[in-house]
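Residue numbers (this note's numbering): 720 to 1054.
Below you'll find the structure, written out as structure tokens, and then a few comments.
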């Protein structure tokens, strides 16, 4: 989908390269996280994709086409773009902000109105309540969701995200990360996501490219980078080979066991672990969503004082459970 071939960028009067001989292939439908310290070249790398920053040498291909052969305006209109401070137009309503690119593309009013409502529902904002609001009437998290909706308005195949959740408080940030991953599981866009936060990169990325001084020092899946850091710089960045971080890569859906008393074959039910029935009987039994991480499950256990959590899907329907022993076995594999 996106390919960098020996791409370099050197700013005028700079003593060195901002990006140097970068080779990177970002596959269709994946989230590629660009992570590293300030000044490492990650934002420059992302902005070269839509020609906001011209490269000095090398080639960038988008959907197999050299971006030099594409009209800059057309290229940018076909790529969703989200930044940290969102950049909503304060004089426009939520609907007007979301409609910006479709209007530029000449869509009909009926199509635009339907798309605005569709996207507001996608980001969990009631169209009837939020369509006519102005940005100053929204919370930080709501503004960010409108920013996501605006970036998706023309249904681009590619999205560029420059630290979009960086200014939010930790609780709102985690909630939006989870919500965005849920949206991505349905729309499968190709996303280049800049962050300085390795925890965010691990939580959200299908692949991670670690940059330092304009070069990629390691790229791979979050699990590969956590399990096998390429050098001391990467090891320090990720905080060492940390089993708890590994738990952040495993979903509760992948770990959960069926409830023994709901086994499909009543003649051969799964043995009931000691204490599971008592945990089930508690009115305040801890629950997690299927797409929550194993680390979230561990937090639920620690908060409730029970070695079990229950996995609840849509409308609170319980699907299974996770035992502390399951989490300990997973963590021990990576110590």
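All C-beta atoms in this analysis are idealised placements derived from N, C-alpha and C, irrespective of residue type, glycine included.
These figures come from a predicted structure and were not determined experimentally.
- Non-local beta-carbon contacts of residue 860 in its own chain, meaning distances under 8 Å to residues more than five positions away in sequence, involve 887, 891, 894 and 895 in chain order.
- Looking at the DSSP output, residue 728 shares a beta bridge with 738.
- Note: residue 800 is bridge-paired with 879 in the DSSP secondary-structure output.
- Taking the Cα of residue 847 as reference, the smallest distance to any Cα among 813, 782, 818 and 870 is reached at 813.
- By the Cβ-count criterion, residue 855 is exposed, with fewer than 16 other Cβ atoms from all chains shown falling within 10 Å of its own Cβ.
- Ranking 966, 944 and 967 by CA distance to the CA of residue 956 puts 944 first.
- Counting only runs of 3 or more residues that sit fully inside the stretch 864-951, the beta strand (DSSP E) segments are 877-881, 909-914, 926-931 and 934-939, in chain order.
- Under the three-pair Cβ rule at 8 Å, the stretch 900-912 does not count as touching the stretch 939-954.
- Here the stretch 874-886 makes contact with the stretch 911-923; the two share three or more CB pairs at distances below 8 Å.
- Note: residue 1031 is bridge-paired with 1037 in the DSSP secondary-structure output.
- With 16 or more other CB atoms across the displayed protein chains lying within 10 angstroms of its CB, residue 760 is buried.
- Here the stretch 774-783 lies against the stretch 725-739, with 3 or more beta-carbon pairs under 8 Å apart.
- Within the DSSP bridge table, the entry for residue 752 names 912 and 927 as partners.
- In the three-state reduction of the DSSP assignment, residue 1015 falls in the helix class, which pools H, G and I.
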